[in-house]
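Numbered per this note's numbering, the first sequence spans residues 1102 to 1244. Note that CB positions come from ideal geometry on N, CA and C, so glycine has one too. Source: prediction; values computed, not measured. To keep things clear, I will list the structure first and then write my remarks on it.
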Amino acid sequence: MNYWLIKSEPDTWSWDDQNKSPKKTTEWDGVRNYQANNCMKDMAKGDRCFFYHSGKERSIVGMVQVVKTWELDPTDKTGRSFGMVTVMAIQSAKSPTTLAQIKDEAKLKDMVLVKNSRLSVQPVTGAQWKQVCKMAKLSNKQE
DNA sequence: GCCAACGTTGGC
DNA sequence: GCCAACGTTGGC
1102 MNYWLIKSEP
1112 DTWSWDDQNK
1122 SPKKTTEWDG
1132 VRNYQANNCM
1142 KDMAKGDRCF
1152 FYHSGKERSI
1162 VGMVQVVKTW
1172 ELDPTDKTGR
1182 SFGMVTVMAI
1192 QSAKSPTTLA
1202 QIKDEAKLKD
1212 MVLVKNSRLS
1222 VQPVTGAQWK
1232 QVCKMAKLSN
1242 KQE
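In structure tokens:
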């Protein structure tokens, strides 16, 4: 199992939208960046991702699970084989964790979120995952 | 609203 | 294949 972080501008697609959508799932389309696309290609069914609000909020607000692996994004008109995965909301953060808090935590100083803030889909290490779960009051147990 | 960081485009 | 110009993202 691998861990990831996906970002969304809440005005475009918020955690609330995610939870209101049928079966709490959504196709994570619209990614037009090779690095982000490659991350999605590496995702396996059951992998988990933090859901991060960029823009004004800048915080980790929940956790989603990959329910369908990478497939071609039908909205892509570039002809460059950008794709998407399908994710399902599984937990809301009881204590949403802000970017400022993450930056203050020494154990998280190497997070991609800190080092390359522009990447919209990014890997998270096991140690970082555990630490953020603790801070956000998210359960790390497997169903 | 500004600007740094980064990715992409296109001329050569 | 290089690199300048440009556009976009996202934190501040």
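Beta-carbon separation of residue i and residue j under 7 Å?
{"i": "G1248", "j": "W1171", "result": "Outside the shown range of the chain (1102 to 1244) lies residue 1248, about which nothing can therefore be said."}
{"i": "Q1192", "j": "L1209", "result": "no"}
{"i": "K1238", "j": "S1196", "result": "yes"}
{"i": "M1141", "j": "V1213", "result": "no"}
{"i": "W1114", "j": "C1150", "result": "no"}
{"i": "K1169", "j": "T1187", "result": "yes"}
Since I believe residue j is in contact with residue i (beta carbons under 8 Å), could you give me their beta-carbon distance rounded to a whole number of angstroms?
{"i": "G1156", "j": "A1194", "result": "Not a contact, Cβ separation roughly 17 Å."}
{"i": "Q1119", "j": "F1152", "result": "7 Å"}
Quick check on the DSSP output: the beta strand (DSSP E) that includes residue i runs from which residue to which?
{"i": "L1106", "result": "Y1104 to S1109"}
{"i": "A1207", "result": "It is not in any beta strand (DSSP E) - A1207 carries neither H nor E in the DSSP assignment."}
{"i": "L1173", "result": "S1160 to L1173"}
{"i": "M1236", "result": "Where M1236 is concerned, there is no enclosing beta strand (DSSP E), although the alpha helix (DSSP H) it sits in stretches over G1227 to A1237."}
{"i": "R1181", "result": "Segment: none, R1181 is in no beta strand (DSSP E) and carries neither H nor E."}
{"i": "R1149", "result": "R1149 to H1154"}
{"i": "T1126", "result": "T1126 to E1128"}
Could you check where the alpha helix (DSSP H) with residue i kicks off and where it finishes?
{"i": "K1142", "result": "Y1135 to D1143"}
{"i": "K1195", "result": "That residue, K1195, is in no alpha helix (DSSP H); its beta strand (DSSP E) goes G1184 to T1199."}
{"i": "V1213", "result": "V1213 to K1216"}
{"i": "W1116", "result": "W1116 to K1121"}
Which residues in the same chain as residue i place their Cβ atom closer than 8 Å to its Cβ, once the five residues preceding and following it in sequence are excluded?
{"i": "G1147", "result": "M1102, Q1166 and V1167"}
{"i": "G1131", "result": "D1174, T1176 and M1185"}
{"i": "E1110", "result": "H1154, S1155 and G1156"}
Which residues in the same chain as residue i place their Cβ atom closer than 7 Å to its Cβ, once the five residues preceding and following it in sequence are excluded?
{"i": "K1125", "result": "Q1119, M1189 and A1190"}
{"i": "R1246", "result": "Past the edges of the chain, shown from 1102 to 1244, lies residue 1246, and the structure says nothing about it."}
{"i": "K1231", "result": "N1241"}
{"i": "Q1136", "result": "L1220"}
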